[in-house]
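Those sequence lines, one after another, are chains A and B. Each residue of the first sequence is one higher than the one before, counting from 1 in the numbering used here. Each residue of the second sequence is one higher than the one before, counting from 1001 in the numbering used here. Scroll down for the structure; my scribbles are underneath it.
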Amino acid sequence: DTGVSQDPRHKITKRGQNVTFRCDPISEHNRLYWYRQTLGQGPEFLTYFQNEAQLEKSRLLSDRFSAERPKGSFSTLEIQRTEQGDSAMYLCASNSGTGGYNGQFFGPGTRLTVL
Amino acid sequence: DQQVKQNSPSLSVQEGRISILNCDYTNSMFDYFLWYKKYPAEGPTFLISISSIKDKNEDGRFTVFLNKSAKHLSLHIVPSQPGDSAVYFCAASAPGAGSYQLTFGKGTKLSVIP
């Protein structure tokens, strides 16, 4: 399967713990996005990478959140000192940017539950 | 402030009939609009898109219409099939920093009744 993959699919943690999620984009895609989706809402943009450079961050991305994309391949999203309000589906998407626009391809998401 | 609005949380349609899903937007800087379909426990799947320079785009059973003056777009599915039952998200993109990040509506849950 050559789609976007995310790991883990589900994560349950206690408040105050740190968690890290991984995203493997489609191999030839240089653009990578993280979104967060809560119940009853559409996905909300968190951050964007072009290759290894993090070029855009939403104000939703508090200082407890950090994302990396070393070597421009897979990406990780870490949440430190988790809070119950962090419970959500975290979605990763990728596409290639050669000018103009094409659709973003989403992974299955990581569902985070903070107890 | 919600820049992309899907005012119908749900829609039920008989199999074989037309499904029409609506979306309104407020940001006149949006220049590309997309529809995504989402099944439970899966990520959104890209369905169809339209550039702001067009007013219609068709792909098989799916057609998207864009009315820029009304800041309104709609997705038509003809004929509707039970496998179309899912949550449909309208999304929009604006140029800026080159990221093409998407702004989503809250979604409309479509149920196609056999």
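Beta carbons: idealized from backbone N, C-alpha and C, even for Gly.
CB contact below 8 Å: residue i versus chain B
i: residue 85 of chain A; result: no
i: residue 33 of chain A; result: yes
i: residue 48 of chain A; result: yes
i: residue 54 of chain A; result: no
i: residue 43 of chain A; result: yes
i: residue 104 of chain A; result: yes
i: residue 40 of chain A; result: yes
Local conformation of residue i per DSSP, three classes
i: residue 1055 of chain B; result: coil
i: residue 1071 of chain B; result: coil
i: residue 1084 of chain B; result: helix
i: residue 1001 of chain B; result: coil
i: residue 71 of chain A; result: helix
i: residue 1014 of chain B; result: strand
Contact under 8 Å by Cβ, residue i with residue j
i: residue 19 of chain A; j: residue 92 of chain A; result: no
i: residue 1110 of chain B; j: residue 1047 of chain B; result: no
i: residue 1066 of chain B; j: residue 1049 of chain B; result: no
i: residue 64 of chain A; j: residue 84 of chain A; result: no
Residue-level contact to chain A via CB, residue i, 8 Å cutoff
i: residue 1082 of chain B; result: no
i: residue 1034 of chain B; result: yes
i: residue 1015 of chain B; result: no
i: residue 1049 of chain B; result: yes
i: residue 1089 of chain B; result: yes
i: residue 1046 of chain B; result: yes
Practice item. Determine which residues of the region 1092-1108 of chain B have a Cβ less than 8 Å from any Cβ of chain A, and write them out in chain order. Key: Of all residues in the region 1092-1108 of chain B, 1093, 1097, 1098, 1099, 1100, 1101, 1102, 1103, 1104, 1105, 1106 and 1107 have a Cβ within less than 8 Å of some Cβ in chain A.
Review point. Listed from N- to C-terminal order along the chain, which residues in the region 1059-1085 of chain B have their beta-carbon within a distance smaller than 7 Å of any beta-carbon of chain A?
Key: Residues passing the 7 Å Cβ filter: none.
Point to revise | Segments assigned beta strand (DSSP E), at least 3 residues, entirely inside the region 1022-1066 of chain B | key: If only complete runs of 3 or more residues are kept, the region 1022-1066 of chain B shows the beta strand (DSSP E) at 1032-1038, 1045-1051 and 1056-1059, in order along the chain.
Exercise for review: Starting from the N-terminal side, write out each stretch of the beta strand (DSSP E) that is 3 residues or longer and does not extend beyond the region 36-62 of chain A.
Suggested key: Segments of the beta strand (DSSP E) lying fully in the region 36-62 of chain A: 44-50 and 53-57.
Point to revise | Interfacial residues, the region 64-97 of chain A to chain B, with Cβ spacing under 9 Å | key: Answer in chain order: 89, 91, 92, 93, 95 and 97.
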